[in-house]
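Asks: Encoded as structure tokens, here's the structure I'll be asking about.
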Amino acid sequence: MKNLLVCWLALCFMPTAHCQTPDNLANAEYFWDTDPGFGKGAALALNGTEVNTTLNVPTGTLTQGVHFLGIRLKTARGTWSPTQTQAVYIHAPNPTGDPNNLTAVEFFIDNDLGFGKNTVQKITAKGPEAAVSVDLTIPPTLAVGTHLLGLRIQTERGQWSATQLSPFVVFSSQSTNAISRIEVFIDTDPGYGAANSLAFTPMGGKEVTVDRPLELNLQRAGKRYLFFRARDTAGRWSALYPVPIDISLVLSVSSPLPTEGIKVYPNPTNGVFVVEFDGMAFQKQGTAIEVVDATGKSILQRPIPSFSGKHSENIDISQQAAGVYFLRVVEAEKVSTQKIVKGN
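According to mature numbering (1 follows the signal peptide of the UniProt record, and there is no 0), the residues represented by the sequence shown are -19 to -1, 1 to 325, in order.
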């Protein structure tokens, strides 16, 4: 390969705390993958007490894939610095193909034989975020206990992704036991057996499907995670199954408030707008204006004084981000809701 790896070094080398001034650097050396020992690497010319320079390190005939580059410095007194190592991915010269298209999935259990040397399945996937589904067979002779599954993807150019590692457990009994409990929780795990239990019909060891409304006490809007797990009749728990969900708090009222006499302008707005009441009468305490964002979070609340006929309120949400908001006018158990669009 003709590729050159450009390295940057900046080091003020002081081998002992008793030195008053830094030692002069005599030379540096580097090696690929295997350390041959101090003084036995490939030499690089250096001099001075402090080095801030660019060095060209030839990649030679290194094969495509991940390699480790080691570099260390030596002073005029013959003292070596610690060895600095860096992982480097070597690409094939003049690669062809689309780097966003995926062509293969490779996996291994416990022992990685190297890129392309484990179990490889050919795939066809276009685009950097393409969904890929593959069948992985776990050997029936795999020993009882915890194991490590490694996965990586190859692109059309022959480049490999980083390896993703996932632990899994092989139990001693291969027989199928009936599910005895299914439980669910939001975000924080209360512990095995302490989460909300889901009612289901036992199927005597067969697959169980739960299809029923799920009631959860949610006090906070936004992105949350719903977790499921199951326990069998042998007392063994499954792994957690996470489901990301977006929560918007629904604002419910007993009856609507007429909106004919309520005007909001300008809308869309830059954040400052007027709420005008015409031909209405608010005499009850607790009447108020509220602005909430798209998740249901209240960002402004203001009481409305008693009035009859015409009245207006100036509202300022200019400090909020651009987006959709909702204006709520609340009188006792009645509410009027209007959408507000805020620009930049």
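By construction, the Cβ of each residue, glycine as well, lies at the ideal position given by its N, Cα and C atoms.
Note that the structure is predicted; figures quoted are calculated from it, not measured.
1) Suppose only complete runs of 3+ residues qualify. What are the beta strand (DSSP E) ranges in the region 64 to 141, listed by chain order?
2) Could you check if threonine 250 is buried or exposed, using at least 16 other CB atoms within 10 Å of its CB as the buried criterion?
3) So what does DSSP say about valine 191, is it helix, strand or coil?
4) Looking at C-beta atoms only, is the number of pairs between the region 128 to 141 and the region 163 to 173 that lie closer than 8 Å three or more?
5) Confirm, please, whether the CB-CB distance from leucine 36 to isoleucine 90 is below 8 Å.
6) In whole angstroms, what is the alpha-carbon distance linking proline 76 and leucine 43?
7) With contact counted as at least three CB pairs below 8 Å, one residue from each stretch, are the region 91 to 110 and the region 53 to 62 in contact?
8) Assuming threonine 144 and leucine 83 make a contact with CB atoms under 8 Å, what is their CB distance in whole Å?
9) If we count the other Cβ atoms within 10 Å of its Cβ and call it buried at 16 or more, is valine 253 buried or exposed?
10) Quick one: what's got a C-beta closer than 6 Å to glutamate 189's C-beta in the same chain, skipping five residues either side?
11) When you compare only the Cα positions, how much space is there between leucine 207 and alanine 111?
12) Which same chain residues end up closer than 7 Å to serine 299 when comparing Cβ atoms and leaving out the 5 residues on each side of it in sequence?
13) List the DSSP bridge partners of glycine 46.
14) So the beta strand (DSSP E) serine 161 belongs to, where does it begin and stop?
15) Assuming arginine 212 and aspartate 168 are in contact, meaning their beta carbons sit under 8 Å apart, how far apart are those beta carbons, in whole angstroms?
16) Just the C-alpha distance for proline 74 and valine 47, rounded to the nearest angstrom, thanks.
17) Alpha carbon to alpha carbon, what distance is there between glutamate 87 and leucine 117?
18) Have a look at the DSSP bridge pairing and note the partners of isoleucine 52.
19) State the beta-bridge partners of alanine 269 as determined by DSSP.
20) To the nearest whole angstrom, what separates the beta carbons of alanine 24 and glutamate 10, a pair I think is in contact under 8 Å?
21) On a CA-only basis, which of Arg210, Thr214, Val273 is nearest leucine 221? Give me that one, please.
22) Take the Cβ of tyrosine 306 as the centre, count every other Cβ of all protein chains shown within 10 Å, and call the residue buried at 16 or more, exposed below.
23) Which one or two residues does DSSP pair with isoleucine 24 in a beta bridge?
Replies: In brief:
1) If you keep only unbroken beta strand (DSSP E) runs of at least 3 residues inside the region 64 to 141, you get 65 to 71, 83 to 90, 100 to 106, 126 to 136.
2) For the purposes of this step, residue 250 is taken as the residue at position 269 of the sequence shown. Its Cβ being crowded by 16 or more others within 10 Å, threonine 250 is buried.
3) Mapped onto the sequence shown, residue 191 falls at position 210. Here valine 191 sits in coil by DSSP.
4) At 8 Å Cβ cutoff, the stretches do not touch.
5) To locate residue 90, count along the sequence shown from 1; it is residue 109. To locate residue 36, count along the sequence shown from 1; it is residue 55. Result no, Cβ atoms of isoleucine 90 and leucine 36 do not sit closer than 8 Å.
6) As a working note, residue 76 is residue 95 in the sequence shown. As a working note, residue 43 is residue 62 in the sequence shown. Looking at the two C-alpha atoms, the distance is approximately 15 Å.
7) No contact exists between the region 91 to 110 and the region 53 to 62.
8) Numbered from its first residue, the sequence shown carries residue 144 at position 163. Numbered from its first residue, the sequence shown carries residue 83 at position 102. Incorrect: roughly 15 Å between the Cβ atoms, too far for contact.
9) Position 272 of the sequence shown holds residue 253. Under the 10 Å beta carbon count, valine 253 is surrounded by fewer than 16 other beta carbons and is classified as exposed.
10) For the purposes of this step, residue 189 is taken as the residue at position 208 of the sequence shown. Reading off the sequence shown, one finds valine at residue 189, where the question assumed glutamate. The beta carbon of valine 189 sits closer than 6 Å to the beta carbons of Ile160, Phe181 from its chain, once the five residues preceding and following it are set aside; these are given in chain order.
11) The sequence position of residue 207 within the sequence shown is 226, counting from 1. The sequence position of residue 111 within the sequence shown is 130, counting from 1. Roughly 25 Å between the two C-alpha positions.
12) What you label residue 299 is simply residue 318 of the sequence shown in a count that begins at 1. Excluding residues within five positions, the ones whose Cβ falls inside 7 Å are Asn251, Gly252, Val253.
13) In the sequence shown, the residue the question calls residue 46 occupies position 65. Paired residue(s): Ile71.
14) Reading the sequence shown from its first residue, position 180 is the one you call residue 161. Judged by DSSP secondary structure, serine 161 falls within the beta strand (DSSP E) whose first and last residues are 160 to 167.
15) Counting from 1 along the sequence shown, the entry for residue 212 is found at position 231. Counting from 1 along the sequence shown, the entry for residue 168 is found at position 187. Rounded to whole angstroms, the Cβ separation of arginine 212 and aspartate 168 is 21 Å, and the two are not in contact under 8 Å.
16) Your numbering for residue 74 matches position 93 in the sequence shown. Your numbering for residue 47 matches position 66 in the sequence shown. The alpha-carbon atoms of proline 74 and valine 47 are separated by roughly 15 Å.
17) To locate residue 117, count along the sequence shown from 1; it is residue 136. To locate residue 87, count along the sequence shown from 1; it is residue 106. C-alpha separation (whole angstroms): 10 Å.
18) Stepping through the sequence shown from its first residue, residue 52 is reached at position 71. DSSP output for isoleucine 52 lists Tyr11, Gln65 as bridge partner(s).
19) Numbered from 1 along the sequence shown, position 288 holds the residue referred to as residue 269. Per DSSP, the beta bridge partners of alanine 269 are Pro284, Val311.
20) Sequence index remark: in the sequence shown, residue 24 carries index 43 (1-based). Sequence index remark: in the sequence shown, residue 10 carries index 29 (1-based). Yes, they are in contact, since the Cβ atoms of alanine 24 and glutamate 10 sit about 5 Å apart, within 8 Å.
21) Counting from one through the sequence shown, the residue named residue 221 turns up at place 240. Measuring C-alpha to C-alpha distances from leucine 221 to each of Arg210, Thr214, Val273 identifies Arg210 as the nearest.
22) Position 325 of the sequence shown, counting from 1, holds the residue named residue 306. Looking at its Cβ environment, which holds 16 or more other Cβ atoms inside 10 Å, tyrosine 306 is buried.
23) For this step, residue 24 is matched to residue 43 along the sequence shown. Isoleucine is not the amino acid found at residue 24; the sequence shown has alanine there. Beta-bridge analysis with DSSP links alanine 24 to Glu10.
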